[in-house]
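Under this note's numbering, the letters of the sequence shown match residues 291 to 429, in that order.
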Amino acid sequence: ADNNVPIVITSDSFTLDYANGYAVYTNNVSVNRASRQLTSDNLFIYFNDAKSQSTKFKSIIATSNKNHTVRFTDNNIKATSGIIKYEPAADGNKITLEKNAIIEQNNKKLISELLYYDLKKEIAYMPKIKNQRSKIILG
């Protein structure tokens with residue numbers, strides 16, 4: 291996403307703690323930035339430098355409550371899972387999906403307990419997890 295485009299976050303309630311470098315949004319959370327949208331029950335943002343009150347963040351973690359899912363869309367990509375993590379400092383184009391992760395794109399569906407996805411390169415990686423199988427559905 292374009293760095294000049296603002297990120298708009300809405301929720302029923304939130305706590306912003308600059309001194310400790312985090313923000314917590316709860317209930318009906320929606321995050322929008324250009325073509326990207328994320329919805330979740332909870333959103334945790336950890337800022338790079340708490341003392342400078344910078345709005346640059348080191349990680350965003352979106353979680354869902356029981357029987358709900360976190361949803362992420364970006365152009366032709368749709369992703370759902372129990373937890374979605376985004377860490378721009380590590381690599382600004384990658385997201386991690388955990389717990390019943392599904393990515394749908396161009397009539398393909400990837401299903402696994404854990405998925406890594408590079409938004410820029412459109413590459414998914416499903417690591418081997420003991421006693422777990424990953425699945426891809428084409429067409």
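Cβ atoms here follow ideal geometry from the backbone N, Cα and C, with glycine treated the same way.
Problem - Ordered list of beta strand (DSSP E) runs contained in the region 385-425, each at least 3 residues - result: Here the runs fully enclosed are 398-408, 413-415.
Exercise for the section: Identify, in the order they occur along the chain, each residue of the same chain with its Cβ nearer than 6 Å to the Cβ of Lys346, setting aside the five sequence neighbours on each side. Expected result: Position 56 of the sequence shown, counting from 1, holds the residue named residue 346. Counting only Cβ-Cβ distances below 6 Å, and skipping sequence neighbours, we find Asn338.
Practice task
Establish whether the CB of Ile367 and some CB of chain C are separated by less than 8 Å.
Solution key: Checking the listed chains, one finds no chain C in this structure; it contains a single protein chain.
Exercise for the section: Look at the alpha carbon of Ser402 and the alpha carbon of Ala391, and state the distance between them as a whole number of angstroms. Expected result: Looking up residue 402 in the sequence shown gives position 112. Looking up residue 391 in the sequence shown gives position 101. Distance between the alpha carbons of Ser402 and Ala391 is about 5 Å.
Problem - The beta strand (DSSP E) enclosing Ile351, as first and last residue numbers - result: One-based indexing of the sequence shown puts residue 351 at position 61. Note, Ile351: beta strand (DSSP E), 347-353.
Practice task
Taking 8 Å as the cut-off, decide whether the C-beta atoms of Gly372 and Ser349 are in contact.
Solution key: Taking the sequence shown and counting its residues from 1, one reaches residue 372 at position 82. Taking the sequence shown and counting its residues from 1, one reaches residue 349 at position 59. The answer is no: Cβ separation not under 8 Å.
Practice task
Could you please give me the residues that DSSP links to Asp307 through a beta bridge?
Solution key: Taking the first residue of the sequence shown as 1, we reach residue 307 at position 17. Note: Asp307 sits in a beta bridge opposite Tyr312.
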